Every structure is written in structure tokens, then in C-alpha cells.
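Sequence positions in the sequence shown follow the numbering used here and run 2 to 270. We put the CB at the ideal spot given by N, CA and C, even for glycine. All values reported here derive from a predicted model rather than from experimental measurement.
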Amino acid sequence: MIVDSQTCKEIIKLLNLNIKKSLGQNFLINPNISESIANYLLPINDEKILEIGPGLGSLTHYLSNYTTTCLEIDPILFKFLNDTYKNTNLNFINGDILKFDVGDYDMIISNLPYYITTDIVTYLLLHAKKAKRMVFMMQKEAVNRFCDTVNCKDYSPIGILISLLGKIKKEIIISKNNFYPSPNVDSQMVVIDLDINKKTRDNYAIYKMCKSLFQNKRKTILNNLTMYLKDKNKAIQLLNKNNINPLLRPENISVEEYVKLYQSLHFSV
Ligand code: SAM
2 MIVDSQTCKE
12 IIKLLNLNIK
22 KSLGQNFLIN
32 PNISESIANY
42 LLPINDEKIL
52 EIGPGLGSLT
62 HYLSNYTTTC
72 LEIDPILFKF
82 LNDTYKNTNL
92 NFINGDILKF
102 DVGDYDMIIS
112 NLPYYITTDI
122 VTYLLLHAKK
132 AKRMVFMMQK
142 EAVNRFCDTV
152 NCKDYSPIGI
162 LISLLGKIKK
172 EIIISKNNFY
182 PSPNVDSQMV
192 VIDLDINKKT
202 RDNYAIYKMC
212 KSLFQNKRKT
222 ILNNLTMYLK
232 DKNKAIQLLN
242 KNNINPLLRP
252 ENISVEEYVK
262 LYQSLHFSV
């Protein structure tokens, strides 16, 4: 079923739906945009697709020719979609993405519930071991958290993890008027392409190390590394060895430098 402004209101009325802000329920009501977002997936073989939070089915409609599992936490929406798409390739599951086994999916798509955007992206990067492409819509403000590079304001461990595993690209901005109810801010699409060979134990460990080193962003890398290693002399040695100025802050250290730090810590190179 194509979801536009009219059908959205009809479904809400039919289900007597109490829209849950607490679950980030802002439904996409522009079918042209829904279709163009779904087109970013373009599976070529029989890739397994996961849609997170199908809601009223705005994107889901355009995924029905593929092998798609749709995971929705809201039992009322789950039942509605399960009944609507009874005899199709679509498989609906009622559940919480943060407790769901995502290991089997090749591609993941979602108009993300904004209240757990970072948690979901992090969970997927760490656990969706086969996923090659992730297509997300998120609040525009959240995008830099994933895309910013060294010396930028929102450079972060999760952005570093994405760089270690693949690359991220900012795509179209979607005005808040294309949603019902309309949120306070616009959204933006991002596409993350991942190299499954880079989903290694070492890259995950580098991410964990960066998470610790970013814990006190205002402090120097020397302070953060000292706390991480519980050894100031070792921290000084390690930074010297890698030509990293100890007075820099975590956001001034490049991904390559974090990799070198990790390697000299673990492989004595
Ligand atoms: N895909 C629909 C669209 O584009 O119109 C709905 C998107 S809405 C922004 C987010 C959806 O995620 C809602 O349907 C909400 O119920 C669902 N959701 C929220 N938290 C969830 C969770 N932890 N696991 C699975 N789905 C969740």
C-alpha cells in the first residue's frame, strides 16, 4: 500500500492509533521520497534485507519484491502490516532491534526512530557482520556524528568505526513537511558501504580503545591515554613513538594515528 498524506490519516483512523512520540513515530508521507530511498538498496542477487521500524509501511511498499524482514516494536503496527502484506515476500517480526539477531542480513534500511539513532547504528556496525550496505534516514543534526572527520566538531568513535569498516555518504535532505506528525527538524539520508573483510576483531578493538580515549574530550590525548593505560610513562612513550603531540585533544588525532597507536600497543611494531 502506498502511504501518502491521505492514506496515512486513514490508517491512523482505522487503527484508532495513538501515535507514540516515545517510539519516534514520524511517518513518511511522500511516496516519491519513499521510493527513492528504497532505490538506494538495489539488491542484485537474492540479498537478505532488513527494514527497521516499518511503521505504516511507507518504505516497506517498495521493498516487497525483495526478500525482506521488517522488524517493528509496536505490536499494533506489526499486526497491521502483517495482515496487509499477508501473501507476499515480506516477513514481519514484532520486536526490538537492539535485542534482535542481525547477523544474517546483507542490507539494512531504516527511517530511524530518532531517540535511539546512535544506539541502533552502533549496534548494527558491531553485530551485522554480513551487511554490505546500510541506508538510513535520520535527523539532519545527527548526521555529523557519523560523518565528521578529524578536527571537526562532531568527530567521534562511531565515525572512526565507520571509517575503519567502510565509508559513509550524505545524501538527500528531506524536509520535515514530508512526515506525519511533522517533527521539529529536517531529516537527511546517509548511505554506509561496508567492506565485510574489514569487520575484524582488531578494528572493533580500535573502536573500543577510541571510545575510552574520547571519554574526556576536553582533556589532552596524554591524559586520556594515561587513564586508559593507567601508566603515564607508557602513554608518553607511545605518543612519542608515533609522533603524536601529547597536548592534542582526542578530536585532533586521525583514524590512521589511532590505528598506529593500537598497533604499537598490541603488536610492538
Ligand atoms: N518506516 C516508517 C516510515 O518511514 O514512515 C516509520 C519510521 S518511524 C521514524 C520509526 C519506526 O520505528 C516506528 O514505526 C517505531 O514504532 C519503530 N521503532 C521504534 N523503536 C524501535 C525499536 N527499538 N525496534 C524496532 N522498531 C522500533
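Sheet register partners of residue i (DSSP bridge)
i, result
"residue 192", "136 and 170"
"residue 181", "28"
"residue 112", "138"
"residue 71", "52 and 93"
"residue 175", "188"
Selection from the options that minimises the alpha carbon distance to residue i
i, options, result
"residue 121", "139, 129, 219 and 99", "99"
"residue 53", "78, 32, 66 and 160", "78"
"residue 45", "117, 22, 28 and 67", "67"
"residue 265", "239, 253 and 130", "239"
"residue 51", "140, 149, 105 and 244", "105"
Beta-carbon contacts of residue i that lie in its chain and below 6 Å, excluding the five residues immediately before and after
i, result
"residue 138", "112, 188 and 190"
"residue 135", "109 and 193"
"residue 128", "103"
"residue 164", "256"
"residue 155", "145, 146 and 149"
Sequence-distant residues of its chain with Cβ nearer than 7 Å to residue i (five each side left out)
i, result
"residue 123", "159"
"residue 2", "8, 58, 62 and 85"
"residue 251", "214, 215, 218, 222 and 225"
"residue 182", "20 and 27"
Exposed unless 16 or more other CB atoms sit within 10 angstroms - verdict on residue i
i, result
"residue 153", "exposed"
"residue 116", "exposed"
"residue 144", "buried"
"residue 35", "buried"
"residue 200", "buried"
"residue 15", "exposed"
"residue 29", "buried"
"residue 179", "buried"
"residue 89", "exposed"
Own chain residues within Cβ distance below 8 Å of residue i, not counting five before or after
i, result
"residue 142", "186"
"residue 37", "173"
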